[in-house]
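Residue numbers (the working numbering): 77 to 362.
Glycine included, every Cβ here is placed at the ideal spot set by N, Cα and C.
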Ligand SMILES: *Cc1c(COP(=O)(O)O)cnc(C)c1O
């Protein structure tokens with residue numbers, strides 16, 4: 077659908093890194109969510125008329141799906157738990173962009189949410205496709221094989237690659253597709269145990285995948301001075317990364333590795349708008 081993403085070189089703390097610019101594939105359809113949607117993007121528009129998904133209101137997957145549906149002419153229904161009054165009065169960031177791309181949003185009461193989500197899969201017709209939270213899992217494999225092929229073709233003199241993990245789908249399928257490379261990842265959502273469980277539910281974890289962890293515990297989507305510091309350093313080096321996943325991956329890479337590394341940008345930069353507001357409120361300024 078899109079051409080292969082570019083590769084940039086940056087210097088961080090005096091070290092050279094390559095960055096696979098999956099953040100630049102498309103304004104809203106980028107990063108690993110773009111890769112995960114590869115199979116659907118290749119699907120002829122006539123095959124479906126509606127895509128359904130559910131999850132968080134600032135989700136990067138939500139935004140990528142909204143962008144895909146606009147390109148394809150598909151209707152996009154998205155379910156979340158109820159929004160706060162603040163979010164309703166003043167939609168922001170990924171949520172606002174997704175609405176502008178035509179996403180139809182429906183809130184489900186907390187008590188009904190689980191059952192409602194479970195019922196979605198039961199009520200599908202053949203022209204409706206359901207994408208589970210965070211991006212389709214089985215379909216993700218094909219898109220990451222495309223990314224792997226782009227990396228092999230780029231012929232860089234590296235044998236190590238890094239990308240941060242939520243569910244671990246991206247890092248796992250990338251490691252499976254690139255057995256000759258060492259793949260580093262870091263759990264950003266839960267701990268290492270959670271990440272291993274998530275991965276193992278998809279496929280046994282291959283030996284070339286290395287999980288780096290930090291001693292300090294970080295909670296997902298919270299505000300941390302260290303994260304802001306790394307974000308600023310990277311920005312000054314020339315590339316904006318997301319504030320949820322990238323800082324911890326970079327921290328661990330800078331502290332625990334020394335070889336030449338290709339960092340696969342996992343996208344999510346559009347989500348910084350709402351995160352930066354939270355940092356500003358706590359007194360962090362760019
Ligand atoms: C979703 C996401 C991840 C995590 O991807 P997984 O495949 O779930 O591990 C990492 N970085 C960004 C920016 C994301 O949006």
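Subject >> Distance between residue 358 and residue 190 (C-alpha atoms, nearest Å) >> reply: In the chain shown, residue 190 corresponds to position 114, counting from 1. In the chain shown, residue 358 corresponds to position 282, counting from 1. Spanning the two alpha carbons is a distance of roughly 34 Å.
Original post:
Relative to the C-alpha of residue 315, which residue among 96, 301, 324 and 154 is closest?
Top reply: If you number the chain shown from 1, residue 315 lands on position 239. Of the candidates 96, 301, 324 and 154, the one whose C-alpha sits nearest the C-alpha of residue 315 is 96.
**OP:** Return helix, strand or coil for residue 205, following the three-state DSSP convention.
**Re:** Here residue 205 refers to the residue found at position 129 when the chain shown is read from its first residue. Three-state DSSP puts residue 205 in a strand.
**OP:** Determine, using beta carbons only, whether residue 115 and residue 215 come nearer to each other than 8 Å.
**Re:** The count along the chain shown starts at 1 and reaches residue 115 at position 39. The count along the chain shown starts at 1 and reaches residue 215 at position 139. Yes, the pair counts as a contact, with Cβ atoms nearer than the cut-off.
Original post:
Per DSSP, what kind of secondary structure is residue 176 in: helix, strand or coil?
Top reply: In the chain shown, the residue the question calls residue 176 occupies position 100. If DSSP states are grouped into helix, strand and coil, residue 176 belongs with the helices.
Original post:
So what does residue 181 bridge to, in DSSP terms?
Top reply: In the chain shown, counting from the first residue as 1, residue 181 sits at position 105. Answer is 154, bridged to residue 181.
Original post:
Is it the case that the CB of residue 342 approaches a heavy atom of ligand 2 more closely than 7 Å?
Top reply: As for ligand 2, it is missing from this structure, which binds only ligand 1.
Subject >> Length of the line joining the Cα atoms of residue 322 and residue 129 >> reply: Taking the first residue of the chain shown as position 1, residue 322 is located at position 246. Taking the first residue of the chain shown as position 1, residue 129 is located at position 53. Spanning the two alpha carbons is a distance of roughly 25 Å.
Original post:
With which residues is residue 286 paired in a DSSP beta bridge?
Top reply: Reading the chain shown from its first residue, position 210 is the one you call residue 286. BP columns for residue 286 point to 260.
**OP:** Could you check what DSSP says for residue 338 in three-state terms: helix, strand or coil?
**Re:** Locating residue 338 in the chain shown gives position 262, counting from the first residue. Reduced to three states, the DSSP call for residue 338 is strand.
Original post:
For residue 84, which three-state DSSP category applies?
Top reply: Numbered from its first residue, the chain shown carries residue 84 at position 8. In this structure, residue 84 counts as strand in the three-state DSSP scheme.
Subject >> Supposed close pair residue 240, residue 346 - CB separation, criterion 8 Å >> reply: Translated into positions along the chain shown, residue 240 becomes position 164. Translated into positions along the chain shown, residue 346 becomes position 270. Not really, about 17 Å apart at Cβ, beyond 8 Å.
Original post:
Is it the case that the Cβ atoms of residue 261 and residue 285 are separated by a distance below 8 Å?
Top reply: Position 185 of the chain shown holds residue 261. Position 209 of the chain shown holds residue 285. Going by C-beta atoms, residue 261 is nearer than 8 Å to residue 285.
Original post:
Just to confirm, does residue 246 get its C-beta within under 7 Å of one of the non-hydrogen atoms of ligand 1?
Top reply: In the chain shown, the residue the question calls residue 246 occupies position 170. Yes, ligand 1 has a heavy atom inside 7 Å of this Cβ.
Original post:
Can at least three beta-carbon pairs, one atom from the stretch 84-96 and one from the stretch 105-124, be found at a separation below 8 Å?
Top reply: no
Subject >> C-alpha distance - residue 267 paired with residue 298, whole-angstrom precision >> reply: Locating residue 267 in the chain shown gives position 191, counting from the first residue. Locating residue 298 in the chain shown gives position 222, counting from the first residue. Cα to Cα, the separation comes out at about 15 Å.
**OP:** Tell me, to the nearest whole angstrom, how far the beta carbon of residue 275 is from that of residue 319; I am working on the premise that it is less than 8 Å.
**Re:** Counting from one through the chain shown, the residue named residue 275 turns up at place 199. Counting from one through the chain shown, the residue named residue 319 turns up at place 243. So it is not a contact: roughly 24 Å between Cβ atoms.
**OP:** Quick one: residues in its chain with C-beta nearer than 6 Å to the C-beta of residue 121, no 5 flanking neighbours on either side, listed in chain order?
**Re:** Counted from its first residue, the chain shown places residue 121 at position 45. So the list reads 148 and 149, once near-sequence residues are dropped.
**OP:** Return helix, strand or coil for residue 93, following the three-state DSSP convention.
**Re:** Position 17 of the chain shown, counted from the start, is the residue given in the question as residue 93. DSSP places residue 93 in strand when its eight states are reduced to three.
**OP:** Report the three-state DSSP secondary structure of residue 115 (helix, strand or coil).
**Re:** Numbered from its first residue, the chain shown carries residue 115 at position 39. Correct three-state label for residue 115: helix.
Subject >> Residue range of the beta strand (DSSP E) that includes residue 270 >> reply: Counting from 1 along the chain shown, the entry for residue 270 is found at position 194. Element bounds for residue 270: not the beta strand (DSSP E) but the alpha helix (DSSP H), 268-276.
Original post:
From 196, 310, 335 and 325, pick the residue whose C-alpha is nearest to that of residue 362; which is it?
Top reply: Taking the chain shown and counting its residues from 1, one reaches residue 362 at position 286. Considering only alpha carbons, the answer is 310.
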